Every structure is written in structure tokens, then in C-alpha cells.
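Asker: Here it is: the structure, laid out below.
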Amino acid sequence: MMEQDVYELLTKTELPVYPVKIPEEVVLPAISYMVVAGNKKQNLDTSYFAEVKRFQVDIWAKSYKEVKDISENIFVLLNEIVAQDITMMDLYEDKVDVYRVMIDFYFKQ
């Protein structure tokens, strides 16, 4: 369910949201997301599992200002779901002339 929660959160931006990668012919801006790590922890009595997943969200846009504005909006949304250890990195994809912000965070359930 955790992945569905992240997807629903990202759709609040009203931008196209895709798992793992964006299609080649997508109209930008767009968002992609993926689970990059995760584990389940169990109590000694085996009755309770806590799940932790690390997600990566990429925002893709044709302008730096646009990608930064969208990433700040997503940062605010992530704080609503109590995402932890949120890091952001500005990137530029030279071959396709696209700006990207990568957001990395943990989510516990």
C-alpha cells in the first residue's frame, strides 16, 4: 500500500506520474517514481511487521525554474505524509535538454 500512497500524493500536483521512467514522447513537466530499497522488521513475537521503503522521485521539466517550483511543492506534500530524510539534487540531462530534480526519502508504515 505504501507505493500507492506515494503515487496518490504525487498526483496532487496534477502532472503526469509514471512508475520507474517517463515515456519518451511525454509532454513535460512530468514525474517518475520508484522504490529503490526496502525492508520489513518483525517483533520478537512475530505478530507485527514494520515496513520501511526508500523512494526516489524525479521531476522532469524544460526549464530550471519550473522543475524547482514543482520540487518545492512535492517537498511540502512529502512532509504531510511524514517522509523522512528527504534529500534533493538538481540535475540536467544534456542529451535531451531537460532539467531534473531527484528527491530521495524514506517512508515507514
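In terms of this note's numbering, the sequence shown has 1049 at position 17, counting the first letter as 1, and numbering is strictly consecutive.
The beta carbon of each residue, even a glycine, is placed where N, CA and C say it ideally should be.
Nothing here was measured: the structure is a model prediction, and the numbers come from that model.
1) Going by DSSP, what residues sit across from Met1034 in a beta bridge?
2) Which two residues bound the contiguous alpha helix (DSSP H) that contains Val1108?
3) By a C-beta neighbour count over all protein chains shown, 10 Å radius and 16 as the cutoff for buried, is Ala1069 buried or exposed?
4) Give me whichever residues DSSP pairs with Glu1125 in a beta bridge.
5) Do Ile1091 and Ile1135 have their beta-carbon atoms positioned less than 9 Å apart in this structure?
Answerer: Judging by the given coordinates:
1) The residue you call residue 1034 lines up with position 2 of the sequence shown. Met1034 pairs with nothing; no bridge assigned.
2) Start at 1 with the first residue of the sequence shown, and residue 1108 comes out as number 76. Run containing Val1108: 1096 to 1112, per the alpha helix (DSSP H) assignment.
3) Residue numbering aside, residue 1069 sits at position 37 when the sequence shown is read from its first letter. It counts as exposed.
4) Numbered from its first residue, the sequence shown carries residue 1125 at position 93. Listed as beta-bridge partners of Glu1125 by DSSP are Val1130.
5) Working through the sequence shown from its first residue, we reach residue 1135 at position 103. Working through the sequence shown from its first residue, we reach residue 1091 at position 59. It is a contact, given that the beta carbons lie within the stated cut-off.
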